[in-house]
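Undergrad: Heads up, the sequence shown is in the working numbering, so the first residue is 346 and it goes up one at a time.
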Amino acid sequence: MVTVDPTLIAGIDTITNTAEITDDGANGPDPTPGDNTDDEPTPVEATPNLAIIKDDGGLTAPAGGIITYTLTYTNTGDQDAIGVVITDIVPAHTTFISSTSTPGWNCTPDDSAGSTCTLNIGTVAAGTGGSATFTVVVDQPLPAGVDPITNTAEITDDGANGPDPTPDDNSSTDDTPIDAVPDLIIAKDADGITTVPGGLITYTLTYTNAGIQDATGIVITETVPNYTSFDPGNSSVGWDCDPDNLSGSTCILNLGTVPSGTSDTITFTVIIESPLSAGGETITNTVIITDDGDNGPDPTPDDNSDNEETPVDASPDLTLIKTDNQTNTVPGATLVYTLTYANVGDQDASDVEINETVPRGTTFNADAGTPGWSCNDNAPAGTNCTLSIGTLPVSTTGSVTFAVALDNPLEDGLTTVANQATITSSNDADDPTPDNNSDTDTTNFTVGSLGNFVWIDTNKDSIQDNNETGIGGVIVNLYDADNNLIATTITDPSGLYEFTNLGPGAYYVEVELPEEYAFSPQGQDGNDSQDSDVDIETGRTNLITLEPGENDPDWDAGIYTLDPTAIVLVSFTANHAGDEVKVRWETSAEINTWGFHLYRSTDKDRANAERVTSEIILAQGRGQSGTTYSWTDTNVSADETYTYWLEETEVNGTSHEYGSTTAVYRTEEAEYNVFLPLITLSQMPE
């Protein structure tokens, strides 16, 4: 029995054993020597078993990077392998590098991708192995979609020792991820132009793939800017705009594949609208470049878009013309200014406003002008008023009105009313003709006056005599026809007064009577320039009609001093006790007194008082130093309050009134002493 070696050299596939028999030859040679030996061949079941493993060390390679594969091979069979060869095909998008690979590689036809490279190993004894390296450089740039780099190595022998029992491990594949993406850049340039309404902007769009891999599915996207429309005739071919060529539409241009490291240009042209809408001082346009994303995200997305701002040489040109259509006016009149405005520029004006200031000598009249002014009705002079017009398109005109009521009377020294209006907008800073953005209208005043004289009518005849003088310091009021006080003045030392700067209309002159004076009778001789023109009770003239520009100096008032009081009243009292009121009065002097009457009211109002003395109470103290009087009123009730007035009547019929005194019911008698001046003087009927 023999034991076969555990590993056999190559070529051993049979064990042959031979046996021989011999003798010592003493008996002569064997007559049949051919059967003195015998052999037995025994087949040997033994083969090589090759295996190979390829490994890139877990590398991720960039474009242009080096991949070194380690090829580890073994013979795990029980027989040596001879004629061993490793075969590697240079992967796509790479080139073989012999200088950094195991010596001995032979590539056909060359080192480029797809070439077949072999390395002769020779004999690999059973149970042994080894390693080799295979190095490639990745192409730069890479086409789109390349990821990863795939490489397969294969090991074989000459087959003399039979087929490999496990052929699946005679080859090995390794995938190396590629760190490579496109890097798209786009730049927009309008060549620094300034355009005009109706002009063109041609944007040059320069696009680049600065990455290390081709980009696919490239699309350039534009949005037609505000205030423009797309001009396909002056743009690169292929733009597709949705829904149309107007502002806001989205336009795309499909470029397909842009290889790594390449660049090109296209154009995108727009037409500026004419006239230009408000807000269109600058045209802003943004472009975007994208790919299909199949090759990973762009490493620098900020340069995938670009915008360009192009100024437009356009502006509104606002004009304003103001007129009240009259040269002269009068105090108290209403002036209605017509403000005609227009935009004669080449751009719409936005937020247009007309600004007014209520002129001196006037107040704002809201009802007589265009509604919408910012100031309140009757706003005084100096008030700023604004009217909003809004957007004013090019070649558009319009008009509004602004009304003021002139003061009446006007302040001294004011001879004209001057009013300026200004038109503005939020985008008219570059108005080419700013001087016509405002206009002033000046209107002259035609004024009148009223006067003129308050004098002391010594002889009480209501006629101005040469020896009669004026009286200064008398208050004179001017009322309009509706009894509204509109002016007050005071007579000068010579008795003259004047209301100036008056408009046409109807007026009353009222003279306030000084104490201890009475008015002369009104209009005694029909001479308006010489007689007294005021009512003796009210101090007012008749209604005066003043024409435009009229100066009427014929309104005079004669006054005279009152005679000394007919009596000197020491006391005047009333005492309400029980069902009667005792009225008492005491005089210290009576000159021409004939007698007395008493008047009574229950509401303290003289106008409602009634005479309660049925007959005159005859005077008892005339020519003496006065006396005391008493009269009992029995027509009373305890729950009423009574007020009394005392009327003194002289022998010539002239009467004087004194009072009042009020009696309130009391349980104890009480008197109220009242000392009052002369109230009225009237002529008693004959």
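Note that beta-carbon positions come from the ideal geometry of N, C-alpha and C, so glycine has one too.
Predicted model only: the values in this text are computed from it and were never measured.
#1: Distance, Cα to Cα, Val632 vs Glu567?
#2: Helix, strand or coil, according to DSSP, for Gly796 in the structure here?
#3: What does DSSP give as the partner residues of Cys452 in its beta bridges?
#4: Find out if the Cβ-Cβ distance for the pair Phe844, Leu795 is shorter than 8 Å.
#5: With 16 as the cutoff for other CB atoms within 10 Å, does Gln424 come out buried or exposed?
#6: Closest to Thr883 by C-alpha separation, out of Pro859, Asp899, Asp897, would be which residue?
#7: Roughly how many angstroms separate the alpha carbons of Pro604 and Asp514, rounded to a whole number?
#8: Rounded to whole angstroms, how far is the Cβ of Ser744 from the Cβ of Thr664, which I believe are closer than 8 Å?
#9: Counting along the chain, where does the beta strand (DSSP E) carrying Pro512 start and finish?
#10: Just the C-alpha distance for Leu891 and Val854, rounded to the nearest angstrom, thanks.
#11: With DSSP run on the structure shown, which of helix, strand or coil describes Glu365?
#12: From Leu737, Asn590, Ala532, Val430, pick the residue whose C-alpha is nearest to that of Ala498; which is it?
#13: Inspect the beta-carbon positions of His942 and Arg951 and report whether they are closer than 8 Å.
#14: My parser needs the beta strand (DSSP E) runs of 3 or more residues fully inside the region 766 to 790; what are they?
#15: What span of residues does the beta strand (DSSP E) with Asp901 cover, start to end?
#16: From Pro522 to His438, what does the alpha carbon distance come to, in whole angstroms?
#17: Considering Ser609, what are the terminal residues of the beta strand (DSSP E) in which it resides?
#18: Within the same chain, show all residues whose beta-carbon is closer than 8 Å to that of Leu759, passing over the 5 residues directly before and after it, in chain order.
#19: Check Ala623 in the structure and name its three-state DSSP category.
#20: Could you have a look at Arg967 and say whether DSSP puts it in helix, strand or coil?
#21: Is the beta carbon of Ser619 less than 8 Å from the beta carbon of Pro570?
#22: Using DSSP with H/G/I as helix, E/B as strand and the rest coil, what is Gly601?
#23: Below 8 Å between beta carbons: does that hold for Val305 and Asn688?
#24: Since I believe Pro866 is in contact with Ser877 (beta carbons under 8 Å), could you give me their beta-carbon distance rounded to a whole number of angstroms?
#25: Run through the region 665 to 701 for me and flag every whole alpha helix (DSSP H) of 4 or more residues, listed as ranges in chain order.
#26: Can you confirm whether the region 466 to 477 touches the region 410 to 429 when touching is taken to mean that 3 or more C-beta pairs between the two stretches lie within less than 8 Å?
#27: Per the DSSP calculation, Glu925 is bridged to which residue(s)?
#28: Under 8 Å Cβ to Cβ from Leu621, same chain only, skipping five residues before and after it: list those, please.
#29: Measuring CB to CB, does Leu751 end up less than 8 Å from Pro849?
#30: Out of Asn652, Asn797, Ser460, Thr803, state which residue places its alpha-carbon closest to the alpha-carbon of Thr906.
#31: Between Thr833 and Val819, how many whole angstroms is the CB-CB distance? I'm expecting something under 8 Å.
#32: Could you say if the region 639 to 648 and the region 711 to 729 meet the contact criterion of at least three C-beta pairs nearer than 8 Å?
#33: On a Cα-Cα basis, can you pick out the residue from Pro486, Leu487, Asp776 that is closest to Pro661?
#34: Run through DSSP, which three-state label would Asp576 get?
#35: Report buried or exposed for Asp587, applying the criterion of at least 16 other Cβ atoms within 10 angstroms of its Cβ.
#36: Starting from His942, trace the beta strand (DSSP E) both ways and give me its first and last residue.
TA: Working from what's here:
#1: The residue you call residue 632 lines up with position 287 of the sequence shown. The residue you call residue 567 lines up with position 222 of the sequence shown. Rounded to whole angstroms, the separation of the alpha carbons of Glu567 and Val632 is 5 Å.
#2: To locate residue 796, count along the sequence shown from 1; it is residue 451. Of the three classes helix, strand and coil, the one that applies to Gly796 here is strand, per DSSP.
#3: Indexing the sequence shown from 1 puts residue 452 at position 107. Looking at the DSSP assignment, Cys452 forms a beta bridge with Cys462.
#4: For the purposes of this step, residue 844 is taken as residue 499 along the sequence shown, with counting starting at 1. For the purposes of this step, residue 795 is taken as residue 450 along the sequence shown, with counting starting at 1. It is a contact, given that the beta carbons lie within the stated cut-off.
#5: Locating residue 424 in the sequence shown gives position 79, counting from the first residue. Looking at its Cβ environment, which holds 16 or more other Cβ atoms inside 10 Å, Gln424 is buried.
#6: Here the question's residue 883 lines up with position 538 in the sequence shown. Out of Pro859, Asp899, Asp897, Pro859 has the C-alpha closest to the C-alpha of Thr883.
#7: By 1-based counting over the sequence shown, the position of residue 604 is 259. By 1-based counting over the sequence shown, the position of residue 514 is 169. Their backbone Cα atoms lie some 39 Å apart in a straight line.
#8: Counting from one through the sequence shown, the residue named residue 744 turns up at place 399. Counting from one through the sequence shown, the residue named residue 664 turns up at place 319. Not really, about 12 Å apart at Cβ, beyond 8 Å.
#9: The residue given as residue 512 occupies position 167 in the sequence shown. Neither: Pro512 is in no beta strand (DSSP E) and is coded neither H nor E.
#10: Start at 1 with the first residue of the sequence shown, and residue 891 comes out as number 546. Start at 1 with the first residue of the sequence shown, and residue 854 comes out as number 509. Approximately 12 Å, taken between the alpha carbons.
#11: In the sequence shown, the residue the question calls residue 365 occupies position 20. Strand, per DSSP.
#12: For the purposes of this step, residue 498 is taken as the residue at position 153 of the sequence shown. Per the Cα distances, Val430.
#13: For the purposes of this step, residue 942 is identified with residue 597 of the sequence shown, where counting begins at 1. For the purposes of this step, residue 951 is identified with residue 606 of the sequence shown, where counting begins at 1. Against a cut-off of 8 Å, the Cβ pair of Arg951 and His942 comes out as no contact.
#14: 783 to 790
#15: Locating residue 901 in the sequence shown gives position 556, counting from the first residue. Residues 896 to 906.
#16: As a working mapping, residue 522 is identified with position 177 in the sequence shown. As a working mapping, residue 438 is identified with position 93 in the sequence shown. So the two alpha carbons sit approximately 13 Å from each other.
#17: For the purposes of this step, residue 609 is taken as residue 264 along the sequence shown, with counting starting at 1. Ser is not the amino acid found at residue 609; the sequence shown has Asp there. Note, Asp609: beta strand (DSSP E), 608 to 617.
#18: Within the sequence shown, numbered from 1, the residue matching residue 759 stands at position 414. The answer, listed in chain order, is Arg705, Gly706, Phe790, Asn846.
#19: Translated into the one-based positions of the sequence shown, residue 623 becomes position 278. Three-state result, Ala623: coil.
#20: Mapped onto the sequence shown, residue 967 falls at position 622. If DSSP states are grouped into helix, strand and coil, Arg967 belongs with coil.
#21: Here residue 619 corresponds to residue number 274 of the sequence shown, with the count starting at 1. Here residue 570 corresponds to residue number 225 of the sequence shown, with the count starting at 1. Cβ atoms of Ser619 and Pro570: not closer than 8 Å.
#22: Locating residue 601 in the sequence shown gives position 256, where the first residue counts as 1. Gly601: strand per DSSP, three-state reduction.
#23: Since the first and last residues shown for the chain are 346 and 1031, residue 305 lies out of range.
#24: Translated into positions along the sequence shown, residue 877 becomes position 532. Translated into positions along the sequence shown, residue 866 becomes position 521. Indeed, because the Cβ distance is near 7 Å, the residues count as touching under 8 Å.
#25: none
#26: yes
#27: For the purposes of this step, residue 925 is taken as residue 580 along the sequence shown, with counting starting at 1. Beta-bridge pairing links Glu925 to Ala922.
#28: Sequence index remark: in the sequence shown, residue 621 carries index 276 (1-based). Cβ neighbours of Leu621 beyond the five flanking positions: Pro542, Tyr572, Val657, Ala659, Asp691, Gln692, Asp693, Val739.
#29: The residue given as residue 751 occupies position 406 in the sequence shown. The residue given as residue 849 occupies position 504 in the sequence shown. Cβ distance not < 8 Å, so Leu751 and Pro849 don't count as in contact.
#30: Residue numbering aside, residue 906 sits at position 561 when the sequence shown is read from its first letter. For the residues Asn652, Asn797, Ser460, Thr803, the minimum Cα distance to Thr906 belongs to Thr803.
#31: Indexing the sequence shown from 1 puts residue 833 at position 488. Indexing the sequence shown from 1 puts residue 819 at position 474. Not really, about 11 Å apart at Cβ, beyond 8 Å.
#32: no
#33: Walking along the sequence shown from the start, residue 661 turns up at place 316. Nearest in C-alpha terms to Pro661, of all of Pro486, Leu487, Asp776, is Asp776.
#34: Position 231 of the sequence shown holds residue 576. Three-state result, Asp576: coil.
#35: Counting from one through the sequence shown, the residue named residue 587 turns up at place 242. By the 10 Å Cβ count, Asp587 comes out exposed.
#36: Along the sequence shown, one-based indexing puts residue 942 at 597. Note, His942: beta strand (DSSP E), 938 to 946.
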